[in-house]
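Chemist: Residues 9 to 366 (the working numbering) make up the first sequence, in order.
One structure coming up, written as structure tokens, with questions to follow.
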Amino acid sequence: MDTMIASDPSNSVALLAWYDRHARRLPWRIGPQRRRDGERPDPYRVWLSEIMLQQTTVAAVGPYFDRFVTRWPGVADLAAAETDHVMQEWAGLGYYSRARNLKRCAEIVASEHGGRFPETSDELATLPGIGPYTAAAIAAIAFDEPAPVVDGNVERVVTRLYRIETPLPKAKTEVRARVAGITPETRPGCFAQAMMDLGATICTPKRPTCALCPVNESCAAHAEGDPERFPVKAPKKEKPTRTGTAYVAVRADGAVLLRRRAEKGLLGGMAEVPNEGWATKSGGEEAEGPPLRADWVRLPAPVRHTFTHFHLVLDVYRARVGREIAAPADAWWSAPDRLDGEALPAVMRKVVASALEG
DNA sequence: TATTCGTGGGA
DNA sequence: TTCCCAAGAAT
């Protein structure tokens, strides 16, 4: 039996009323009250936040968002920025292709759209880094287009509302159709954010607080008493473990030897200490060995790090060298006061830290 | 359709 | 410790 809130418009009304009282206050939002006064948020800030929030928690994004909008207040500023500087500011946030696409997108908006974001989801979806979700989200939130906004939160809420047994990601089509069916013509931006806030604060993955849910009376999973069973997900495959070796050369003045990774692939375009052996699945391609002739000492504990699809165990070697030692081609010495500003991903910061402690 | 792409926090 | 997962996109 279908308990469709599409046939019950008061349900989206109930959700919006809940949102008016419980909306999360976030730096890239304007509150429900200002929205109802006809105001809309800055599309640049909406876009930037949506890119950063892809597969990333609100808590993690917060400080990055603040630093970005302070340094680059508008899309034209970001378009004019050095890509290296963008990568440095993004370092630690992960999924670094987002940063490269962010820069490309800013350049296109600046040069081909007169510095203004397109206002429809279809146009937005043609821009780099903007897929189905982000296009719909920006269109709804910044321009009040009634586009179906489907993220992980909405998938959870909707699969529970309708007790969708089809496992994700196969159920995505059905979920999107359901969302399209319940998205209101009025306040679609608030509706989208309300659905996401509901998923983030009430309709949580574990132990949802259905008693506080504004739409619990039309929720099929709640009626059955098994909301936590949804969404059903396809089994995930286990992560293999790769092993490799990293070399931390420390100059007498404390400078550390760094180099730049290739533009494409894992950690593309980011900085790293010289390392080898873990790039491919098979591992153990030709061993280059250490980047300098020096007295290398292996640290007692390897560095462990887990990526999306594999575990990494990195043996770390350290060598202390004189200040007269030149950096190899394509590498550079990074002074202690500049290390924080380098585009070092988290795994490389771990490696450097372990070598400087020990 | 399936794989690749990060990270940190919480259970 | 280990697993899960958080406002997905590109290929």
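Where a beta carbon is used, it is the ideal one built from N, C-alpha and C, also for glycine.
In this text the structure is predicted, and so the values were computed from the model without any measurement.
1. Helix, strand or coil for His-93 per DSSP?
2. Write down every uninterrupted run of the alpha helix (DSSP H) in the segment 129-206 whose length is 4 residues or greater and which is fully enclosed by it, in chain order.
3. Does Ala-14 pass the burial test, meaning 16 or more other C-beta atoms within 10 Å, or should it be called exposed?
4. For the candidate residues Ala-260, Ala-335, Val-264, Val-158, whose alpha-carbon lies nearest to that of Ser-342?
5. How long is the line joining the alpha carbons of Gly-123 and Phe-151, rounded to whole angstroms?
6. What are the start and end residues of the alpha helix (DSSP H) that includes His-230?
7. Does the segment 216-226 touch the segment 309-327, meaning 3 or more C-beta pairs lie closer than 8 Å?
8. Three Cβ pairs or more, each shorter than 8 Å: is that satisfied between the segment 251-263 and the segment 272-292?
9. Report the option in Asp-205, Arg-250, Asp-345, Ala-84 whose CA atom is closest to the CA atom of Arg-33.
10. Count the CB pairs spanning the segment 340-359 and the segment 234-243 that are closer than 8 Å, and state whether there are at least three.
11. Hey, how far is the Cα of Val-355 from the Cα of Leu-322?
12. List the endpoints of the continuous alpha helix (DSSP H) containing Val-360.
13. Count the other CB atoms within 10 Å of the CB of Gln-41; is the residue buried (16 or more) or exposed (fewer)?
14. Express the C-alpha separation of Arg-53 and Trp-26 in angstroms, rounding to a whole number.
Modeler: Let me lay it out:
1. Helix at His-93.
2. Taken in chain order, the complete alpha helix (DSSP H) segments of 4 residues or longer contained in the segment 129-206 are 129-132, 140-151, 160-169, 180-190.
3. For Ala-14, the predicted model reports a pLDDT of 47, less than 50, meaning its position is unreliable; a value from the coordinates is still stated below. By the 10 Å Cβ count, Ala-14 comes out exposed.
4. The shortest C-alpha separation from Ser-342 is found at Val-264.
5. A direct Cα-Cα distance of roughly 16 Å separates Gly-123 from Phe-151.
6. It spans 228-232 - the alpha helix (DSSP H) in which His-230 sits, taken as one unbroken run.
7. Segments in contact, no.
8. In this structure the segment 251-263 touches the segment 272-292; the number of beta carbon pairs closer than 8 Å is three or more.
9. Of the listed residues, the one whose Cα sits closest to Arg-33 is Asp-205.
10. The segment 340-359, when compared against the segment 234-243, does not touch it at the 8 Å Cβ threshold.
11. Going from the Cα of Val-355 to the Cα of Leu-322 covers about 10 Å.
12. In this chain, the alpha helix (DSSP H) harbouring Val-360 covers 354-365.
13. Residue environment for Gln-41: exposed (fewer than 16 other C-beta atoms within 10 angstroms of its C-beta).
14. Rounded to the nearest angstrom, the two C-alpha atoms are 24 Å apart.
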